[in-house]
Amino acid sequence: MQKSTAKIQTRPKARAEAPATAFVPNRTIVLVGLMGAGKTNIGRRLAARLNLPFFDSDCEIEAAAGETVEEIFRNRGEVVFRDGERRVITRLLAQPAHVLATGGGAFMDPATRAEIVRRGVSVWLRADIDTLLTRVARRSNRPLLKQGNPRAVLTELIERRYPIYAEADITVDSGDGAADLTASRTIAALAACPRALLPPEPDGEP
Numbered sequence: 650m651q652k653s654t655a656k657i658q659t660r661p662k663a664r665a666e667a668p669a670t671a672f673v674p675n676r677t678i679v680l681v682g683l684m685g686a687g688k689t690n691i692g693r694r695l696a697a698r699l700n701l702p703f704f705d706s707d708c709e710i711e712a713a714a715g716e717t718v719e720e721i722f723r724n725r726g727e728v729v730f731r732d733g734e735r736r737v738i739t740r741l742l743a744q745p746a747h748v749l750a751t752g753g754g755a756f757m758d759p760a761t762r763a764e765i766v767r768r769g770v771s772v773w774l775r776a777d778i779d780t781l782l783t784r785v786a787r788r789s790n791r792p793l794l795k796q797g798n799p800r801a802v803l804t805e806l807i808e809r810r811y812p813i814y815a816e817a818d819i820t821v822d823s824g825d826g827a828a829d830l831t832a833s834r835t836i837a838a839l840a841a842c843p844r845a846l847l848p849p850e851p852d853g854e855p
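The following block contains the structure:
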């Protein structure tokens with residue numbers, strides 16, 4: 650599997666909204682990474698630039714369950730949540746190409762990861778712990794961060810999840826630079842990634 654890595658540079662000011670690109674992927678672009686990596690923010694920008702629909706797996710799970718992610722974790726537990734997450738992502742990947750922002754633990758599930766490999770092109774939005782802490786502090790609906798000290802929890806998640814995230818087709822550093830710049834570098838990396846142009850594997854193909 651060919652992988653590519655894109656780095657972003659910090660800029661003091663966000664640039665103007667970039668025009669749409671001529672690049673058209675044949676597979677769904679699946680954004681993976683920890684909470685606070687910018688998957689939803691960057692995902693919406695990618696979708697607008699590529700003229701593709703945008704989906705957030707957590708939002709789709711909440712719509713299907715009639716509960717928030719936090720409520721599902723609290724009332725039913727993480728195992729039930731991950732099962733629902735797997736089914737929702739599998740359903741979304743069966744649709745025409747779009748941009749999909751996934752939850753932080755989605756790519757850790759072997760079955761979900763295999764389905765992403767089969768039907769999508771994965772992009773890991775990588776961020777350091779200080780960037781993640783700054784971003785997650787803006788929101789209170791992070792169930793895993795309520796299990797202890799946020800820095801300690803994120804440190805443990807980084808140690809456990811980053812080696813798996815590294816299996817993604819593309820890695821883009823998501824730091825303090827402008828979101829539009831991150832989106833541009835992601836599109837450039839996608840355009841250079843052969844898997845983005847491959848058609849999804851049909852159902853029933855191993």
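Just so we're aligned, residue 650 is where the sequence shown starts under our numbering, counting upward by one. Just so it is clear, CB atoms sit at the ideal spot from N, CA and C, and this is done for glycine as well.
Check	Outcome
Which runs of the alpha helix (DSSP H) spanning at least 4 residues fall entirely within the region 742-786, listed in chain order?	759-768 and 778-785
Between residue 771 and residue 724, what straight-line distance do the alpha-carbon atoms span, to the nearest angstrom?	31 angstroms
Distance, Cα to Cα, residue 629 vs residue 685?	The question about residue 629 has no answer here: the residues shown for the chain are numbered 650 through 855.
Under 7 angstroms Cβ to Cβ from residue 774, same chain only, skipping five residues before and after it: list those, please.	680, 682, 686, 687, 688, 691, 821 and 823
Work out the CA separation of residue 718 and residue 842 for me, nearest whole Å.	33 angstroms
Per DSSP, residue 852 is paired with what?	Bridge partners of residue 852: none, in fact.
Taking C-alpha atoms, which residue in 817, 700, 699 and 734 lies nearest to residue 708?	734
How would you label residue 814, buried or exposed, when you count the other beta carbons within 10 angstroms and need 16 or more for buried?	buried
Start and end of the beta strand (DSSP E) containing residue 680?	677-681
Does the pairing of the region 760-767 with the region 727-746 give three or more beta-carbon distances under 8 angstroms?	yes
Bridge partners of residue 707, per DSSP?	Paired residues: none, contrary to the question.
Taking just the CA atoms, how far does residue 767 sit from residue 818?	12 angstroms
For the 8 angstroms Cβ check, are there 3 or more pairs between the region 742-754 and the region 824-841?	no
Could you check how far apart the C-beta atoms of residue 848 and residue 675 are, in whole angstroms? I think they sit under 8 angstroms.	5 angstroms
Have a look at residue 799 and residue 726 and give me their C-alpha separation to the nearest angstrom.	20 angstroms
Please say whether residue 728 and residue 721 have beta carbons closer to each other than 8 angstroms?	no
If you draw a straight line from the alpha carbon of residue 765 to that of residue 839, how long is it in whole angstroms?	15 angstroms
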